[in-house]
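Here is the structure we will look at.
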Amino acid sequence: MVAEALLAEELGDLLDRFAEWLIVGENGRTFPINRDEISIDEGPRGTRIGAVGENGFRSRRIVGFKPEGEEIKIRLAGPFGGGVEEMRLVPRTSAAELAANIELARLERANAIATLVESSEEGVKLVRVGLNAGSGRFAEIFADSRTAGRVAVFADVAGGVTAESMLATAILWFERLQARAKKPALELHIVVESRAAANLQKLHALLKGPMKSSIRIRELSRTGGAESLKPRAELSISRLWREKQKQLNLPDELGPSEMAGRIIALAPEAIDILHSRHGETLRFNGLPFARVRKMAGRESAWFGVEKRKRTLNEASWTELERLVEILKSCRAFDSDSKRHEFYRHSPESWLESILRRNIKLLDANLILAPIYNQFRTAAADKIDLLALRRDGRLVVIEIKASPDRETPFQAADYWRKIEHLRRRGELRRARVFGDLEMIKKPPLVYAVAPALSFHRDFEHFARMLTPEIELWRFELHENWREEIKVIARKNYFDR
Numbered sequence: 001m002v003a004e005a006l007l008a009e010e011l012g013d014l015l016d017r018f019a020e021w022l023i024v025g026e027n028g029r030t031f032p033i034n035r036d037e038i039s040i041d042e043g044p045r046g047t048r049i050g051a052v053g054e055n056g057f058r059s060r061r062i063v064g065f066k067p068e069g070e071e072i073k074i075r076l077a078g079p080f081g082g083g084v085e086e087m088r089l090v091p092r093t094s095a096a097e098l099a100a101n102i103e104l105a106r107l108e109r110a111n112a113i114a115t116l117v118e119s120s121e122e123g124v125k126l127v128r129v130g131l132n133a134g135s136g137r138f139a140e141i142f143a144d145s146r147t148a149g150r151v152a153v154f155a156d157v158a159g160g161v162t163a164e165s166m167l168a169t170a171i172l173w174f175e176r177l178q179a180r181a182k183k184p185a186l187e188l189h190i191v192v193e194s195r196a197a198a199n200l201q202k203l204h205a206l207l208k209g210p211m212k213s214s215i216r217i218r219e220l221s222r223t224g225g226a227e228s229l230k231p232r233a234e235l236s237i238s239r240l241w242r243e244k245q246k247q248l249n250l251p252d253e254l255g256p257s258e259m260a261g262r263i264i265a266l267a268p269e270a271i272d273i274l275h276s277r278h279g280e281t282l283r284f285n286g287l288p289f290a291r292v293r294k295m296a297g298r299e300s301a302w303f304g305v306e307k308r309k310r311t312l313n314e315a316s317w318t319e320l321e322r323l324v325e326i327l328k329s330c331r332a333f334d335s336d337s338k339r340h341e342f343y344r345h346s347p348e349s350w351l352e353s354i355l356r357r358n359i360k361l362l363d364a365n366l367i368l369a370p371i372y373n374q375f376r377t378a379a380a381d382k383i384d385l386l387a388l389r390r391d392g393r394l395v396v397i398e399i400k401a402s403p404d405r406e407t408p409f410q411a412a413d414y415w416r417k418i419e420h421l422r423r424r425g426e427l428r429r430a431r432v433f434g435d436l437e438m439i440k441k442p443p444l445v446y447a448v449a450p451a452l453s454f455h456r457d458f459e460h461f462a463r464m465l466t467p468e469i470e471l472w473r474f475e476l477h478e479n480w481r482e483e484i485k486v487i488a489r490k491n492y493f494d495r
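Residue numbers (my numbering): 1 to 495.
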């Protein structure tokens, strides 16, 4: 108890140095907090830190902490005996300085790209260089070109943005500039790193009409330490099918391992299994909670919802059973703890797991690929579901449980990948649908979400896609956890 009291006193003294702190979680999420909203308590089970956050007040046991300059790094025990997590406490003054430094670095990067734009072509004059007003992740550059007129240049200066997100954000910005009464933008140039240029180029090929012809993709390449911009050629859809396709190699065994079968038996109506290259993942209503792997002919298993897993053996089996009982209580449509993290976690996976057990709840004409999980692993992709209609036409199903602006572009990219596999005969060769016949038509795309979870820009972007993509919007009743009920369908094929 003396050691715990000393630890609490030392940490309390460190916190008292500043009136305001910024909590930085392991996932990068931040939350501002006052010193008087942080409590330090010692007890028989260790010292705990409590703080008000996005989900109300939470208290966690402290495993250890270490001051680093003005910051404090605190290691916390995960709930239910899970793994250790790390949290940083940054003084608000230091956090403000850090944000200012990040913004300055991004602005410098934006100016470096602007210089490349100006020097890449004769007759180009820079008008303005800045960062987008929202996140500050993107460079927004205006330039006047002797040949093209007013040009809008858009670039990712923070890194890690997907091609779908970048295209959607760039288009919305460009459309605002097109609507200006004075000197509207005539072209949109998207500057992208070499490793991401190909993905953006393929996505651009799936656009139609004036928007596609207004966009230019410019690749940022490096040679001998020097950077340069080079244009990426505009692709036609027919060019997409010339790319070499990797061969699908599906595993022979479809059934669960002995250990996986034993775990599934704890709640067969809620637990499903996802196969991967190196084992099996068990999910409770879409929430991963156990893993089985076969090594040297011997099965090994781990369990836990937190990052750090516990080894599963006969001694820990009762703890797994206890976890499953908690999941039965918390991760159910009629749960009394709808604010519990188990209920709120991974809603899209929950919805996908319901549809995977009975795809006919969505459309009575659909047959889900019997070896879909193995196919998804072999394809190394995140396509939610792949099905076949009774008439033999493929259906790519994209599932969302919360508004996502990029959904039409994500669905279009998945359509391209499946259509490529179909055209190359890989789906037939791998017998993804067993002996069922697939007709020679491009797949349909079903975008599925609760009615209120379609982003307001969904229809706007859906109408930008090539007519070759037959996109359907399926709106579900908001109470989908209890019952899947389609309340509206809309076809964007005739657009």
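All C-beta atoms in this analysis are idealised placements derived from N, C-alpha and C, irrespective of residue type, glycine included. Just so we're clear, the structure is a prediction, and the values are computed from it rather than from any experiment.
Runs of 3 residues minimum, wholly inside the region 58 to 82: which ones carry the beta strand (DSSP E) assignment?
71 to 77
Touching or not, the region 68 to 88 and the region 187 to 194, by the rule of three or more beta carbon pairs under 8 Å?
no
Is the beta carbon of Pro408 closer than 7 Å to that of Phe474?
no
Can we say the region 420 to 432 touches the region 453 to 472, given the rule of at least three CB pairs closer than 8 Å?
no
DSSP state of Phe342 mapped onto helix, strand, coil
helix
Between the alpha carbons of Arg308 and Ala143, how many angstroms are there, rounded?
51 Å
Using only alpha-carbon positions, find the residue among Ile33, Leu107 and Arg17 that is nearest to Gly69.
Arg17
Less than 7 Å between the C-beta atoms of Val129 and Ala110, yes or no?
yes
One question on the structure: do Arg331 and Leu287 come within less than 7 Å of each other, judged by their Cβ atoms?
yes
Does the region 400 to 415 come within contact of the region 358 to 367, defined as at least 3 CB pairs closer than 8 Å?
no
Among the candidates Arg60, Asn34, Ser39 and Phe31, whose CA atom is the shortest distance from the CA of Arg45?
Arg60
Could you tell me the boundaries of the alpha helix (DSSP H) in which Glu420 lies?
Sequence check: residue 420 is His here, not Glu. It spans Thr407 to Arg423 - the alpha helix (DSSP H) in which His420 sits, taken as one unbroken run.
Hey, Arg497 and Val157: beta-carbon distance below 7 Å or not?
Summary: the structure shown does not reach residue 497, with the chain confined to residues 1 through 495, and so no result is reported for it.
Three or more C-beta pairs under 8 Å: does that hold for the region 465 to 472 against the region 202 to 214?
yes
Roughly how many angstroms separate the alpha carbons of Ala99 and Gly136, rounded to a whole number?
10 Å
Supposed contact pair Phe284 and Ala270 - C-beta distance, whole angstroms, cut 8 Å
5 Å
In chain order, what residues of the same chain lie with their CB nearer than 8 Å to the CB of Glu280, ignoring the 5 residues before and after it?
Pro256, Ser257, Ala260, Ile273, Leu274, Arg291, Val292 and Arg293
Applying the criterion that 16 or more other CB atoms from any shown protein chain within 10 Å of the CB defines a buried residue, is Lys230 buried or exposed?
exposed
Segments of 3+ residues assigned as beta strand (DSSP E) that fall wholly inside the region 81 to 155
84 to 91, 124 to 131 and 138 to 145
How far does the alpha helix (DSSP H) with Gly209 in it reach, from first residue to last?
Gly209 to Ser214
From what residue to what residue does the alpha helix (DSSP H) around Glu175 run?
Ala163 to Gln178
Cβ-based neighbour list, Pro403, same chain, cut-off 6 Å, excluding 5 preceding and 5 following:
Ser453 and His455
Since Ala51 and Ile38 should fall inside the 8 Å C-beta cutoff, what is the C-beta to C-beta distance between them, to a whole number of angstroms?
5 Å
Which of helix, strand or coil does DSSP assign to Val191?
strand
Please confirm whether Leu240 and Ile217 have their CB atoms less than 7 Å apart.
no
How far does the beta strand (DSSP E) with Arg232 in it extend, from its first residue to its last?
Ala226 to Arg232
By Cβ distance, which residues of its chain are closer than 7 Å to Ile33, with the 5 residues on each side in sequence left out?
Trp21, Ile23, Ala51 and Val52
In angstroms with no decimal places, state the Cα-to-Cα distance between Pro268 and Leu116.
59 Å
Kindly list the residues whose CB is nearer than 6 Å to the CB of Ala8, restricted to its own chain and excluding five residues on each side of it in sequence; keep chain order.
Ile40, Glu42 and Thr47
Taking buried to mean at least 16 other C-beta atoms within 10 Å of its own C-beta, is Arg356 buried or exposed?
buried
Compare the beta carbon distance of Tyr446 and Val486 with 7 Å and say whether it is the shorter of the two.
no
Same chain, Cβ closer than 7 Å to Asp391, five either side skipped, listed in chain order:
Ile439
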